[in-house]
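Enquirer: My questions will all concern the structure given below.
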Amino acid sequence: MKQNIRTKWFALTLTAALALTTLTACGNGAGTAALPETPGTSAPLLEESGGTVGTVLLSVNPEIEMDYDDEGNVVALTGRNQEAQTLLASYTGYQGRPCTQVVGELVDEINTLGYFDATVGGHEKNIILKLERGSAYPSDQFLNELAEAVRLVVEADQIGSQAVTLDQDDYDDAYGDKGYINASAAQSILSTQLGRDDLQFVEKEYDLDDGEYEVEFVLDGVEYEYEVNAYTGKVTEMDAEFQDYDDTDYGPGGDGITDYGITDYDDTDYGPNADGITDYDDTDYGPNADGITDYDDTDYGPNADGITDYGNTNYGSSNYGDTNYDDGGSDYDWEADHGDSGYDD
1031 MKQNIRTKWF ALTLTAALAL TTLTACGNGA GTAALPETPG TSAPLLEESG
1081 GTVGTVLLSV NPEIEMDYDD EGNVVALTGR NQEAQTLLAS YTGYQGRPCT
1131 QVVGELVDEI NTLGYFDATV GGHEKNIILK LERGSAYPSD QFLNELAEAV
1181 RLVVEADQIG SQAVTLDQDD YDDAYGDKGY INASAAQSIL STQLGRDDLQ
1231 FVEKEYDLDD GEYEVEFVLD GVEYEYEVNA YTGKVTEMDA EFQDYDDTDY
1281 GPGGDGITDY GITDYDDTDY GPNADGITDY DDTDYGPNAD GITDYDDTDY
1331 GPNADGITDY GNTNYGSSNY GDTNYDDGGS DYDWEADHGD SGYDD
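In terms of this note's numbering, the sequence shown has 1366 at position 336, counting the first letter as 1, and numbering is strictly consecutive.
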């Protein structure tokens, strides 16, 4: 009896195993095929690909996420904005190819579409290569190899941009779960874009509720404020206060140099000659203007012969001595009849 039960149990087990084998074979045969990839969206990961071990965000103006496997080959591309989706609509054949090749081709496509033509503050946009938090490294030099691939395209296409790599250490401690980079990374991005390492950053606490860093700094005496997207690392806006505290040159030259040393305080010669020499000895304002004032010439008369005739005033010929006081001509003694007043007569 027990032997019959064991026989039946074995038969049932064998039947179930055969049924399971049949179902599995059907699934691998004409069963589920790989879904076609929609441009600009992530394709389902195939078992043969080994799966995704990490993602790199390529950010210029188009924002493209590149999933890769443990060999560093591309598994899928995802367009995060409309610009990226438009680009990926015509870019195919990238699955299974090395990320270094694909990223170079993507940068070349971005340049062809003119996204580097628009600048921020006169500087071409950075090319951000940001490793997604928690991603594995196919090799120790993975990000550096991507940056080198970008550099070669930039050089060939004569693009004035630089590649900036962001890894796990560049995530913000408080907002890293949102994919936000830290303030130090934002400052590094600005320094690279401006091509200067002497930016004087204004240290402050950042409120990342809007996902933007408002980074303030002083460069060459001018105060600037740039906005850096905390997720993509893109420099999105510039607000320069343009207050040059060292430039007090308000003249038409506007060269930033006030020529305090050029005013000749010793030049008080405002005359027509304006030769810079005031002739303090020349006080000859007369018509001759020969530079010599003739202090002895006070002859303002019509002759103007330079001789004032002080001794020729003819004060002696005024006939004051010929008043005829003693001469009967004055008639004081005879004709005035003083003697004939009648007092004694």
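We put the beta carbon where it would ideally sit given N, CA and C, even for glycine.
For A1204, collect the residues of the same chain with a Cβ closer than 6 Å to its Cβ; drop the 5 residues on either side in sequence, then sort them by chain order.
Expert: Locating residue 1204 in the sequence shown gives position 174, where the first residue counts as 1. Nothing listed; no residue qualifies.
Enquirer: Between which residues of its own chain and L1229 is the CB-CB distance below 7 Å, once the five residues before and five after are set aside?
Expert: The residue labelled residue 1229 in the question sits at position 199 within the sequence shown. Contacts found: L1220, S1221, F1247, L1249.
Enquirer: Kindly list the residues whose CB is nearer than 8 Å to the CB of A1148, restricted to its own chain and excluding five residues on each side of it in sequence; keep chain order.
Expert: Position 118 of the sequence shown, counted from the start, is the residue given in the question as residue 1148. So the list reads N1091, K1155, once near-sequence residues are dropped.
Enquirer: Label V1105 either buried or exposed according to how many other C-beta atoms from any shown protein chain fall within 10 Å of its C-beta, with 16 as the threshold for buried.
Expert: Position 75 of the sequence shown, counted from the start, is the residue given in the question as residue 1105. Per the 10 Å Cβ criterion, buried.
Enquirer: When you measure from the CB of Q1112 to every non-hydrogen atom of the ligand SAH, does any distance come out below 6 Å?
Expert: This structure lacks the ligand SAH, and indeed carries no ligand of any kind.
Enquirer: Assign G1291 to one of three DSSP states: helix, strand, or coil.
Expert: Numbered from its first residue, the sequence shown carries residue 1291 at position 261. Bear in mind that a pLDDT of 48 at G1291, under 50, signals an unreliable position, so the model cannot answer this.
Enquirer: Do you know how far the Cα of T1262 is from the Cα of A1215?
Expert: Residue mapping note: residue 1215 aligns to position 185 of the sequence shown, counting from 1. Residue mapping note: residue 1262 aligns to position 232 of the sequence shown, counting from 1. Taking the straight line joining both Cα atoms gives about 11 Å.
Enquirer: Starting from the Cα of L1182, find the closest Cα among D1227, G1190, G1134 and give me that residue.
Expert: Taking the sequence shown and counting its residues from 1, one reaches residue 1182 at position 152. Answer by Cα proximity: G1134.
Enquirer: Could you pull the DSSP bridge partners for F1172 from this structure?
Expert: For the purposes of this step, residue 1172 is taken as the residue at position 142 of the sequence shown. None, per the DSSP bridge assignment.
Enquirer: A1260 and G1241 - do their beta-carbons sit closer together than 7 Å?
Expert: As a position in the sequence shown, residue 1241 is number 211, starting the count at 1. As a position in the sequence shown, residue 1260 is number 230, starting the count at 1. Taking 7 Å as the Cβ cut-off, G1241 and A1260 qualify as a contacting pair.
Enquirer: Quick one: give me the first and last residue of the alpha helix (DSSP H) that S1214 is part of.
Expert: Sequence index remark: in the sequence shown, residue 1214 carries index 184 (1-based). Element bounds for S1214: 1213 to 1224.
Enquirer: Using the three-state DSSP reduction, which class does K1160 fall into: helix, strand or coil?
Expert: Reading the sequence shown from its first residue, position 130 is the one you call residue 1160. Note: K1160 maps to strand in three-state DSSP.
Enquirer: For N1179, count neighbouring C-beta atoms within 10 Å of its own C-beta (all shown protein chains included) and say buried if the count is 16 or more, exposed if not.
Expert: Position 149 of the sequence shown, counting from 1, holds the residue named residue 1179. Checking the displayed sequence, the identity of residue 1179 turns out to be Ala instead of Asn. Its Cβ being crowded by 16 or more others within 10 Å, A1179 is buried.
Enquirer: Using three-state DSSP, classify N1141 as helix, strand or coil.
Expert: The residue labelled residue 1141 in the question sits at position 111 within the sequence shown. N1141 falls in the helix class under three-state DSSP.
Enquirer: What residues are listed by DSSP as bridge partners for G1084?
Expert: Here the question's residue 1084 lines up with position 54 in the sequence shown. Bridge partners of G1084: Y1098.
Enquirer: Report the rounded CA-to-CA distance for V1137 versus Q1112, giving the unit in angstroms.
Expert: If you number the sequence shown from 1, residue 1137 lands on position 107. If you number the sequence shown from 1, residue 1112 lands on position 82. In a straight line, the C-alpha of V1137 is about 16 Å away from that of Q1112.
Enquirer: Taking A1177 as the reference, give the member of G1144, D1199, I1140, K1160 with the closest Cα.
Expert: Mapped onto the sequence shown, residue 1177 falls at position 147. Residue K1160 is the option with its Cα nearest to A1177.
Enquirer: So, is E1235 buried or exposed, given that buried needs 16 or more other C-beta atoms within 10 angstroms?
Expert: Position 205 of the sequence shown, counted from the first residue, corresponds to residue 1235. By the 10 Å Cβ count, E1235 comes out exposed.
Enquirer: Give me, in chain order, the residues of the same chain whose beta-carbon lies closer than 6 Å to that of E1162; leave out the 5 immediate sequence neighbours on both sides.
Expert: In the sequence shown, the residue the question calls residue 1162 occupies position 132. Excluding sequence neighbours, E1162 sits near T1085.
Enquirer: Would you kindly report the start and end of the unbroken alpha helix (DSSP H) that includes T1149?
Expert: For the purposes of this step, residue 1149 is taken as the residue at position 119 of the sequence shown. No alpha helix (DSSP H) contains T1149, which DSSP labels as neither H nor E.
Enquirer: Quick check on G1263: does DSSP put it in helix, strand or coil?
Expert: Translated into the one-based positions of the sequence shown, residue 1263 becomes position 233. Reduced to three states, the DSSP call for G1263 is coil.
Enquirer: Short of 8 Å in beta carbon distance, which residues of its chain neighbour T1082, apart from the five on each side in sequence? Order them along the chain.
Expert: By one-based count along the sequence shown, residue 1082 stands at place 52. Taken in chain order, the residues that qualify are L1075, D1097, Y1098, D1099, V1105, A1106.
Enquirer: Mind checking N1103: buried by the 16 CB within 10 Å criterion, or exposed?
Expert: Walking along the sequence shown from the start, residue 1103 turns up at place 73. Buried is the call here.
Enquirer: Among residues of its own chain, excluding the 5 on either side of D1200, which ones have a beta-carbon nearer than 7 Å to its beta-carbon?
Expert: Looking up residue 1200 in the sequence shown gives position 170. Cβ neighbours of D1200 beyond the five flanking positions: I1211, N1212, A1215.
Enquirer: Just checking my contact of I1158 with V1194 at CB under 8 Å: how many whole Å lie between their CB atoms?
Expert: Position 128 of the sequence shown, counted from the first residue, corresponds to residue 1158. Position 164 of the sequence shown, counted from the first residue, corresponds to residue 1194. Right, their Cβ atoms sit about 5 Å apart.
Enquirer: Which residue's Cα is closest to the Cα of V1232: Q1223, R1226, E1253?
Expert: Counted from its first residue, the sequence shown places residue 1232 at position 202. Residue E1253 is the option with its Cα nearest to V1232.
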